[in-house]
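> Protein chains in written order, with my numbering: chain W, 300 to 736; chain D, 385 to 948. Before we start, here is the structure in question, set down as structure tokens.
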Amino acid sequence: MNNSAVLVIGGGIAGIQASIDLANLGFQVYLVERTPSIGGRMAQLDKTFPTNDCSICILAPKMIECASHKKVNLLTYSEVIEVEGRAGDFRVKILKKPRFVDMNRCTGCGECVENCPRRVPNEFNLFLDKRKAIYLLFPQAVPHKMTIDAQNCLYFLKGRCRLCEEVCLAKAIDFEQEEKIVELSVGAIILATGFDPFDVSALKEYGYGEIKNVITGLEFERLISASGPTSGELERPSDKKPPQVIAFIQCVGSRDVNYNPYCSAVCCMHATKEAILAGEHYPGLRSFVFYTDLRAAGKRFQEYINRAKEEYGVTYIRARPGKITAKDGRPIIWYEETLFKEGEERKVRKMEVDLVVLCQALVPHGSHQEVTRKLGIELDEMGFIRIPDRLSRPVDTSVEGVFACGFCQGPQDIPDSVIQASGAAARVAELLTVERM
Amino acid sequence: MAKRRIGVFVCYCGNNIGGIVRVPEVVEYARCLPNVVYAEGSLYACSEEGLSSIKAKIAAYGLDRVVVASCTPRTHETLFRNACEEAGLNRYLFEFVNVREHCSWIHMRAPDEATEKAKSLIKMGVAKSYYLEPQEELESEVYPEALVIGGGVAGMTAALNLAQQGLKVHLIEREKELGGLLSQVNKLFPANRDVKEIFDPLAEGVKNHPLITIYLGSEVEGVEGFIGNFKVRITRVEGEIKVGTIIVATGGRELKPIGQYGYPTVANVLTQLELEGRLKEGIDGWQSVVMINCVGARVTGRFYCGRFCCLTAMKNAILIKEGNPQAKVYILLQDVMASGVEAERYYRRSMERGVRFIRYDPISPPQILGERQAEGVKVYHALIGREVILPAQMVVLTTPLVPQADNERLSKMLKVPLGSEGFFLEAHLKLRPIEFATDGIYLCGSARYPSDIAESVSQAYAASAKAAIPMRQGLVRVEAITAFSQERLCHGCGNCLRVCPFGAIELKGSERGGKVAWVNAAQCKGCGCCVAACPNGAMQQRSFSDQQLMAMIEALVEEVSSGP
Chain W
300 MNNSAVLVIG
310 GGIAGIQASI
320 DLANLGFQVY
330 LVERTPSIGG
340 RMAQLDKTFP
350 TNDCSICILA
360 PKMIECASHK
370 KVNLLTYSEV
380 IEVEGRAGDF
390 RVKILKKPRF
400 VDMNRCTGCG
410 ECVENCPRRV
420 PNEFNLFLDK
430 RKAIYLLFPQ
440 AVPHKMTIDA
450 QNCLYFLKGR
460 CRLCEEVCLA
470 KAIDFEQEEK
480 IVELSVGAII
490 LATGFDPFDV
500 SALKEYGYGE
510 IKNVITGLEF
520 ERLISASGPT
530 SGELERPSDK
540 KPPQVIAFIQ
550 CVGSRDVNYN
560 PYCSAVCCMH
570 ATKEAILAGE
580 HYPGLRSFVF
590 YTDLRAAGKR
600 FQEYINRAKE
610 EYGVTYIRAR
620 PGKITAKDGR
630 PIIWYEETLF
640 KEGEERKVRK
650 MEVDLVVLCQ
660 ALVPHGSHQE
670 VTRKLGIELD
680 EMGFIRIPDR
690 LSRPVDTSVE
700 GVFACGFCQG
710 PQDIPDSVIQ
720 ASGAAARVAE
730 LLTVERM
Chain D
385 MAKRRIGVFV
395 CYCGNNIGGI
405 VRVPEVVEYA
415 RCLPNVVYAE
425 GSLYACSEEG
435 LSSIKAKIAA
445 YGLDRVVVAS
455 CTPRTHETLF
465 RNACEEAGLN
475 RYLFEFVNVR
485 EHCSWIHMRA
495 PDEATEKAKS
505 LIKMGVAKSY
515 YLEPQEELES
525 EVYPEALVIG
535 GGVAGMTAAL
545 NLAQQGLKVH
555 LIEREKELGG
565 LLSQVNKLFP
575 ANRDVKEIFD
585 PLAEGVKNHP
595 LITIYLGSEV
605 EGVEGFIGNF
615 KVRITRVEGE
625 IKVGTIIVAT
635 GGRELKPIGQ
645 YGYPTVANVL
655 TQLELEGRLK
665 EGIDGWQSVV
675 MINCVGARVT
685 GRFYCGRFCC
695 LTAMKNAILI
705 KEGNPQAKVY
715 ILLQDVMASG
725 VEAERYYRRS
735 MERGVRFIRY
745 DPISPPQILG
755 ERQAEGVKVY
765 HALIGREVIL
775 PAQMVVLTTP
785 LVPQADNERL
795 SKMLKVPLGS
805 EGFFLEAHLK
815 LRPIEFATDG
825 IYLCGSARYP
835 SDIAESVSQA
845 YAASAKAAIP
855 MRQGLVRVEA
865 ITAFSQERLC
875 HGCGNCLRVC
885 PFGAIELKGS
895 ERGGKVAWVN
905 AAQCKGCGCC
915 VAACPNGAMQ
925 QRSFSDQQLM
935 AMIEALVEEV
945 SSGP
């Protein structure tokens, strides 16, 4: 029986917030994250609506607070492989994947990365550039330690190289490192596994993957980010020139019975933000947002939309484009506007633009099915975690002692995710206090 | 001037600094600065070896000030301060100089200039460190009881959660009964459950919990103190109650759209909440109903969207259709706000039930037909591009929640801010949505922004977690680097008090007569706003005194003027 320890699965903003609150409430926290760094999706965003705060700048202090908390035990590059038991008494097995880097010695200086000869597609930047086989997931990664990607490392592939070992002044490289199983005993579990972007190539009519200058919302975030693959220059893929006219297409794979019937909740606002950022970066640039309903129901959201219209000349068009074609590399959007002024002619229109941003649906994270199966918790028909009594118990799953917060239990934005994260911590405190009494 | 024994440690950060800035040259330079008795380069100052070396040199050279020139205080200040403390030096006798972000990274292509700048910054850091003084980190006790203001769904949920954690709670409700807005509502989306199903167990739990004291028909009259130690006066209660934390859960109220669409003089034009009342009484059988959304929302003067009004309209439309499947029910709206999985499904369901949605343009809003009685609604139907006339036995206006009328009074009492729309303003919209900038006071439900039941409950749990933290810890650590007022220089103008975001400053009577500023160190966060606002230099901040900053500037100017 271990009532004072809690397992948090997922190191995005929800998992980080839940961990900090639990640790401050006096619980021992084990935060498990699959990738080499905590930070999650929020670390990939350039800025955040509606304040235009730099995302990583407000996230990094939280990441550091979480990692340096005496009561938080960070298990990065790790996965949950087995769960047994019940509320108040769960036994969990965690697989720690080998980084081939001694965490106690590595200082994160980056000398090894400089010298590594192997370049591989960079998942953090959505494969828009390359990283090395030994790498830091992103510049502000926590823990600030390197990882060798064994699937791409020359030494593991061909048995030679070891350049990183040679240049590491801290003597941190350890090719002998093996995977480890960590066994934990915890009283409660919080899930915060987040989302994946939906693969928009399924919508053939929008030409993603075929037409060069059609990209996704998350790709846009990396391109406009100063720490991204283009150092913040919005280069359109065809010729690396900045666009003058951008179209944002909403509900790509969302609110669509063929793919995901639900609304992804954040896209109207992130498109608006992206249009504002593009407008700030390239004065004179014009943005058009093709929307279904303009969902701006959060605090200061309407004001943000008004600002986009008034200060940045962003135009909102109520239409769901039928297809996107290309002429000399320029995408053409085919659409019919569905709000008519009196006497206006109704017809299919075409708009030629420099860059199209598909605001893709957001779906439960790929890892989440397996984790939830191990925990025995129910999912809804969309694959999100089912919350049996959302009105009274908005963070309780179908299994007692297992809570869920953030996008894994349904589409929501960052403030709602951190609210649920803190809320889940409160529910754990309630459960484990009652157990103790 | 007294002698000091300052040690300087310059980090290579592998090649991050050392690849651009010529560290050995910088170390030599630092060694020759006034009062510096020791300087060294360190491959990684933050590594075990680096930190041990700093500790060893403090002992060996009797260092009384330590300057580390490396990366950023954001990530590494605590680490180096701890090292100083472990070596027996007060942790505030440490000064951080950033030669990575400020030198090697930003001037990557100019190693000479980067090296010279590193020297200047270190010279300034050394000059400042001369005047550093030891500081104490005090702790203050937290009284383990909470005050929850507002007995609606948010307040009740927060109170119950805290009590379940074993903490004593005082729950204040101004009405004679618990329940707030919830008690006026009929059913709850998305399952159209009866309010009683949610309300009764919650209210029973609160009423029967031995750790919760309920004050009905009561309001907060006055609040004094700070985190851990608030004294609160409540109407109809003698004396004061003492609490460690406060949760604001005062909710919102439905906007009554006086003067719009004939409300309230036309009898069959009512608001959604008034309709809920009739549905609750079991009245149904309407033949034709038109609902108009965004009445008083998303308009000039009240920009915000009411967040859940679309869903309220859908819910009541579905209930009317359930009462009479033949009824014609139209919802006139701008955008359908139905984010996420369940709300979107609810929207589809309402359409399947035959509820019709018509988009109107706010520039030409709908018009009520009929004189004393609404008989129909004329609206420009934006999808088909012409005007239509809809029959209406009843017109329902969907209005947003608006701030409580006395929010301003409460905000002044608690010294927490309101936003421009009149709702309480959180510390940060994105990452601190249910905290105030002032420690020990938290926020949930529609007092912050219109929130539906599930959202209010989530927020209540979150506020409860935040309030429980200091109470469960029992102690709060008070910031050591705080501002203080030098009484003899203060003229009592009050500028400092106006700019302080934390309500930490008061004007108090001085011995010389007149008023002077006084900083409550327990509330001060050391942001420095008051120091900048003080016209007399009376306000000073520990570790950032005028003397220390002037020493830095003088060190820099001297450098420049003696240059080539």
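Every residue, glycine too, gets a C-beta built ideally from N, C-alpha and C.
1) Just checking, does the region 359-379 of chain W make contact with the region 304-317 of chain W on the three C-beta pairs under 8 Å criterion?
2) Write down the C-beta distance between D:THR462 and D:ALA844 rounded to the nearest angstrom, noting that I regard them as a contact closer than 8 Å.
3) Using the three-state DSSP reduction, which class does D:VAL679 fall into: helix, strand or coil?
4) Run through DSSP, which three-state label would D:ASN482 get?
5) How many whole angstroms separate the CB atoms of W:LYS608 and W:ILE632, which I take to be in contact at a CB cut-off of 8 Å?
6) According to DSSP, is W:ALA725 helix, strand or coil?
7) What are the boundary residues of the alpha helix (DSSP H) that D:PRO594 is part of?
8) In the region 552-563 of chain W, which residues sit with their C-beta less than 7 Å from some C-beta in chain D, listed in chain order?
9) Taking only three categories from DSSP, how would you classify W:HIS443?
10) Would you grab the beta carbon distance between D:MET797 and D:VAL607 for me? Rounded to a whole angstrom, and I think it's under 8 Å.
11) Determine, using beta carbons only, whether W:ARG726 and W:PHE706 come nearer to each other than 8 Å.
12) So with Cβ pairs under 8 Å, would you call W:MET300 a contact of chain D?
13) Just mark W:SER303 as buried or exposed, buried being the case when its beta carbon has 16 or more other beta carbons within 10 Å.
14) Does the distance from the C-beta atom of D:ALA851 to that of D:LEU546 stay below 8 Å?
15) Tell me which same chain residues have a C-beta within less than 7 Å of the C-beta of W:THR529, skipping the five on either side of it?
16) State the CB to CB distance for the pair D:SER723 and W:ALA564, rounded to an integer number of angstroms; the pair is presumed to be in contact (CB under 8 Å).
17) For W:ASP695, count the other beta carbons within 10 Å of its own beta carbon; 16 or more makes it buried, fewer makes it exposed. Which is it?
18) Any beta carbon from chain D within less than 8 Å of W:PRO714's own beta carbon?
19) Is any heavy atom of the ligand HEM found at a distance shorter than 7 Å from the C-beta of D:PHE573?
20) Closer than 6 Å by C-beta to D:SER835: which residues in its own chain qualify, once you throw out the five before and the five after it? Chain order, please.
21) Please determine, among W:VAL652, W:CYS353, W:THR334, W:HIS667, the residue with the shortest C-alpha to C-alpha distance to W:SER537.
22) Quick check: W:VAL441 and W:GLY338, are their CB atoms within less than 8 Å of each other?
23) Check this for me: beta carbons of D:ILE752 and W:LEU690, under 8 Å apart or not?
24) Going by DSSP, which residues form a beta bridge with W:THR614?
25) By the 10 Å Cβ neighbour count, where 16 or more other Cβ atoms means buried, how is D:CYS416 classified, buried or exposed?
26) Hey, could you find the ends of the beta strand (DSSP E) W:LYS649 is sitting in?
27) Beta-carbon of W:ARG430 versus every beta-carbon of chain D: anything under 8 Å?
28) Tell me the rounded alpha-carbon separation between W:SER697 and W:ALA491.
29) At a CB-CB cut-off below 7 Å, which residues of chain D make contact with W:ILE594?
30) Taking Cβ positions only, does W:PRO693 come closer than 8 Å to chain D?
31) Are the C-beta of W:PHE683 and some C-beta of chain D separated by less than 8 Å?
32) Identify whether W:THR671 lies in helix, strand or coil by the three-state DSSP scheme.
33) 8 Å is my cut-off, CB to CB: does W:MET736 come that close to chain D?
34) Short of 7 Å in beta carbon distance, which residues of its chain neighbour D:GLY349, apart from the five on each side in sequence? Order them along the chain.
35) With DSSP as the reference, label W:CYS707 as helix, strand or coil.
36) Just the Cα atoms here: how many angstroms apart are W:GLU378 and W:SER336?
For this structure:
1) Pairwise C-beta distances place the region 359-379 of chain W in contact with the region 304-317 of chain W, as three or more of them are shorter than 8 Å.
2) Along the second sequence, one-based indexing puts residue 462 of chain D at 78. Along the second sequence, one-based indexing puts residue 844 of chain D at 460. The C-beta distance from D:THR462 to D:ALA844 rounds to 33 Å, too long to meet the 8 Å contact threshold.
3) Position 295 of the second sequence, counted from the start, is the residue given in the question as residue 679 of chain D. In this structure, D:VAL679 counts as coil in the three-state DSSP scheme.
4) Here residue 482 of chain D corresponds to residue number 98 of the second sequence, with the count starting at 1. For D:ASN482, the three-state secondary structure derived from DSSP is strand.
5) Residue mapping note: residue 608 of chain W aligns to position 309 of the first sequence, counting from 1. Residue mapping note: residue 632 of chain W aligns to position 333 of the first sequence, counting from 1. Actually they do not touch by this definition, with Cβ atoms about 20 Å apart.
6) Here residue 725 of chain W refers to the residue found at position 426 of the first sequence. Judged by DSSP in its simplified three-state form, W:ALA725 adopts helix.
7) Translated into the one-based positions of the second sequence, residue 594 of chain D becomes position 210. Counting along the chain, D:PRO594 sits inside no alpha helix (DSSP H), nor does DSSP assign it H or E at all.
8) Here the close residues are ARG554, PRO560, TYR561, CYS562.
9) Working through the first sequence from its first residue, we reach residue 443 of chain W at position 144. Residue state, collapsed to three classes: coil.
10) Numbered from 1 along the second sequence, position 413 holds the residue referred to as residue 797 of chain D. Numbered from 1 along the second sequence, position 223 holds the residue referred to as residue 607 of chain D. Going by Cβ atoms, the distance from D:MET797 to D:VAL607 rounds to 5 Å, so yes, they are a contact pair.
11) Numbered from its first residue, the first sequence carries residue 726 of chain W at position 427. Numbered from its first residue, the first sequence carries residue 706 of chain W at position 407. The Cβ atoms of W:ARG726 and W:PHE706 do not sit closer than 8 Å to each other.
12) Working through the first sequence from its first residue, we reach residue 300 of chain W at position 1. Interpretation of W:MET300 is limited by its pLDDT of 43, a score under 50 that renders its predicted location unreliable; no figure is taken from the coordinates.
13) Here the question's residue 303 of chain W lines up with position 4 in the first sequence. Exposed, by the Cβ-count rule.
14) Position 467 of the second sequence, counted from the first residue, corresponds to residue 851 of chain D. Position 162 of the second sequence, counted from the first residue, corresponds to residue 546 of chain D. A contact, by the Cβ cut-off of 8 Å.
15) What you label residue 529 of chain W is simply residue 230 of the first sequence in a count that begins at 1. Taking W:THR529 as the centre and dropping the five residues before and after it, the same chain places the C-beta of LEU522 closer than 7 Å to its C-beta, in chain order.
16) Here residue 723 of chain D corresponds to residue number 339 of the second sequence, with the count starting at 1. Here residue 564 of chain W corresponds to residue number 265 of the first sequence, with the count starting at 1. Taking 8 Å as the upper bound for CB-CB distance, D:SER723 and W:ALA564 are in contact here, some 4 Å apart.
17) The residue given as residue 695 of chain W occupies position 396 in the first sequence. Under this definition W:ASP695 is a buried residue.
18) The residue labelled residue 714 of chain W in the question sits at position 415 within the first sequence. Chain D, which has a Cβ nearer than 8 Å to the Cβ of W:PRO714, makes this yes.
19) Although the ligand HEM was asked about, the structure shown includes no ligands whatsoever.
20) Here residue 835 of chain D corresponds to residue number 451 of the second sequence, with the count starting at 1. Cβ within range, chain order: GLY829.
21) What you label residue 537 of chain W is simply residue 238 of the first sequence in a count that begins at 1. For the options W:VAL652, W:CYS353, W:THR334, W:HIS667, the alpha carbon positioned closest to that of W:SER537 is the one of W:VAL652.
22) Working through the first sequence from its first residue, we reach residue 441 of chain W at position 142. Working through the first sequence from its first residue, we reach residue 338 of chain W at position 39. Between W:VAL441 and W:GLY338, the C-beta gap is smaller than 8 Å, which places the two residues in contact.
23) As a working mapping, residue 752 of chain D is identified with position 368 in the second sequence. As a working mapping, residue 690 of chain W is identified with position 391 in the first sequence. In this structure, W:LEU690 does not lie closer than 8 Å to D:ILE752 by Cβ.
24) The residue you call residue 614 of chain W lines up with position 315 of the first sequence. Paired residue(s): W:PHE587.
25) Along the second sequence, one-based indexing puts residue 416 of chain D at 32. Classification of D:CYS416: exposed, given that the 10 Å Cβ count is below 16.
26) Numbered from its first residue, the first sequence carries residue 649 of chain W at position 350. Residues 648-651.
27) Taking the first sequence and counting its residues from 1, one reaches residue 430 of chain W at position 131. At least 8 Å separates the CB of W:ARG430 from every CB of chain D.
28) Here residue 697 of chain W is taken as the residue at index 398 of the first sequence, counted from 1. Here residue 491 of chain W is taken as the residue at index 192 of the first sequence, counted from 1. Cα to Cα, W:SER697 sits roughly 15 Å from W:ALA491.
29) Position 295 of the first sequence, counted from the start, is the residue given in the question as residue 594 of chain W. Rather than Ile, the amino acid found at residue 594 of chain W in this sequence is Arg. Within 7 Å of the CB of W:ARG594, the CB atoms of chain D belong to ASP719, MET721, SER723, in sequence order along the chain.
30) Working through the first sequence from its first residue, we reach residue 693 of chain W at position 394. Yes - at least one Cβ of chain D is within 8 Å of the one on W:PRO693.
31) In the first sequence, the residue the question calls residue 683 of chain W occupies position 384. Interface residue, yes.
32) Within the first sequence, the letter at position 372 stands for residue 671 of chain W. The answer is helix: DSSP assigns W:THR671 an H, G or I state.
33) What you label residue 736 of chain W is simply residue 437 of the first sequence in a count that begins at 1. Per-residue confidence for W:MET736 stands at a pLDDT of 47, beneath the threshold of 50, marking its modelled position as unreliable; the derived number appears in the next sentence. True, the Cβ-Cβ gap to chain D drops below 8 Å.
34) The structure shown has nothing for residue 349 of chain D, since chain D only spans 385 to 948.
35) By one-based count along the first sequence, residue 707 of chain W stands at place 408. Three-state result, W:CYS707: helix.
36) As a first step, residue 378 of chain W must be located in the first sequence, where it is residue number 79. As a first step, residue 336 of chain W must be located in the first sequence, where it is residue number 37. Rounded to the nearest whole angstrom, the C-alpha separation of W:GLU378 and W:SER336 is 13 Å.
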